[in-house]
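Below: one structure, written as structure tokens.
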Amino acid sequence: MRARRVTLSTAAAVLLSLAAVGVARADETPALTTPGAPAVVSNEPHRLVLSWTPATWRDPAVQDPITYDVVSPVGTNVYRGLGASDTPGVALTGLGPGTTYRIAVQAYGTTGYSDHSPVTTVRTAYGRAKVDYLNLDWSPTDNQAQFVLQVTNTGTAPLDLTTVRVRYHVRLEDGSTSLVAECDWAALGCGTIRRTLQFFPVPAPPPGPTPGPTPTVHPIPGTPVPGWLELTFTTGVLAPGATSGPIQLRLHRTNWAAIDERDDPSWRAATGAWTGNDHVTLDVDGTREYGDPWS
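Mapped onto mature numbering (1 follows the signal peptide of the UniProt record, and there is no 0), the consecutive letters of the sequence shown carry residue numbers -26 to -1, 1 to 269.
This is how it looks when you write it as structure tokens:
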């Protein structure tokens, strides 16, 4: 994201007064016109081509080159970069197939920038498989998560399930990774489905030269720990259009303490119906074929 800049004449101005800081006003006119909303030129698995009406310099005397950032809004004034281009078009190859993205464009040059374009919502073309989801737990803050996943072959060739990896992405709030993954029932048989939990705690800081008066607790209580439940398969082949059948899963802590699912990237509120969940990811032979937890 190219935010409006704050310019200081010297670093010492920070110490003099906040009034001495020249802050760009929220209502100032950007140096570049706003580019048009991105339009889909072609949409294929692993390749999305977009184009848009170009931005121009408001001052005709300025003819600096213009670069475009292609971004996805993920929060208030927070953007995830998807790509960049020196022309009013781009081919994005790092997106998850079968996944819905909100995409905007911002232009900038050496002497200024534009506002973000209007947002275009697009679902990328399906790859070789997708994941459907049914949330069985109507209380997302009780002591277990209960949901059902189902893999569907969306390709044109048989899908060997031993090459498939499904990840349900979670985030634990208290720094504890004491989670257990259960398979309650599966059409394929729970014995054919491996369940692996993996977490990525924030690394501990290096020890200080001397102990402090209060022992350091790491991770700091309340620090979220991201991770995932990974499913892999020991057998099975799906014909085109066929499904794995339901895989009913349950997550709980070893001491059955409460968990809060609402900040889990793959969680969706219970509706009583199956739905596609593109925040669950699926890879085939190590290549992403469905989903993006941060889309």
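Every residue gets a Cβ at the ideal spot worked out from N, C-alpha and C, and that includes glycine.
Taking 8 Å as the upper bound for CB-CB distance, residue 117 and residue 230 are in contact here, some 5 Å apart. Rounded to whole angstroms, the gap between the alpha carbons of residue 125 and residue 57 is 30 Å. Assignment of beta-bridge partners to residue 169 by DSSP yields 205. Following the DSSP letters along the chain, one finds residue 15 inside the beta strand (DSSP E) bounded by residues 13 to 18.
Between residue 264 and residue 72 a beta carbon distance of about 5 Å is seen, short of the 8 Å cut, so the two are scored as contacting.
Of all alpha-carbon atoms in 248, 168, 249, 253, the one lying nearest the alpha-carbon of residue 240 is that of 253. CA-to-CA, the gap between residue 20 and residue 10 works out to about 24 Å.
Its chain contains 222 as the residues whose beta carbon lies nearer than 6 Å to that of residue 159, once the 5 sequence neighbours on both sides are disregarded; these appear in chain order. Burial state of residue 70 is buried, judged by a 10 Å Cβ sphere holding 16 or more other Cβ atoms.
Taken in chain order, the unbroken stretches of beta strand (DSSP E) that lie wholly in the stretch 61 to 146 and span 3 residues or more are 63 to 66, 74 to 83, 94 to 97, 103 to 109, 118 to 127, 138 to 146.
In this structure, the CA atom of residue 76 is about 14 Å from the CA atom of residue 267.
Annotation: the continuous beta strand (DSSP E) that includes residue 226 extends over 221 to 227. According to the DSSP assignment, residue 159 belongs to the beta strand (DSSP E) that extends over 153 to 160. A direct Cα-to-Cα measurement between residue 215 and residue 100 gives close to 12 Å.
Counting other Cβ atoms within 10 Å of its Cβ, residue 233 reaches 16 or more and is therefore classed as buried.
In the DSSP assignment, residue 46 is bridged to 54. The Cβ-Cβ distance between residue 170 and residue 210 does not fall below 8 Å.
Secondary structure note for residue 6: it is in no beta strand (DSSP E), with a DSSP letter that is neither H nor E. For the pair of segments examined, the stretch 243 to 253 was found not to touch the stretch 145 to 157: the number of CB pairs separated by less than 8 Å stays below three.
DSSP places residue 237 in the helix class (H, G or I) of the three-state scheme. If you draw a straight line from the Cα of residue 68 to the Cα of residue 256, it is about 14 Å long. Residue 81 and residue 2 have their C-alpha atoms roughly 16 Å apart. Buried is the label assigned to residue 120, since at least 16 other Cβ atoms lie within 10 Å of its Cβ.
Excluding the 5 residues flanking it on each side, residue 84 has same chain C-beta neighbours closer than 6 Å at 38, in chain order. Counted as a single uninterrupted DSSP element, the beta strand (DSSP E) harbouring residue 257 occupies residues 254 to 258. Between residue 62 and residue 92, the gap from beta carbon to beta carbon reaches 8 Å or more. In this structure, the CA atom of residue 18 is about 21 Å from the CA atom of residue 213. Taking a C-beta distance under 8 Å as the contact criterion, residue 131 and residue 225 do not qualify as a contact pair.
Cβ-Cβ separation between residue 79 and residue 44: approximately 6 Å, consistent with a contact (criterion under 8 Å). Per the DSSP secondary-structure output, residue 217 pairs in a beta bridge with 126.
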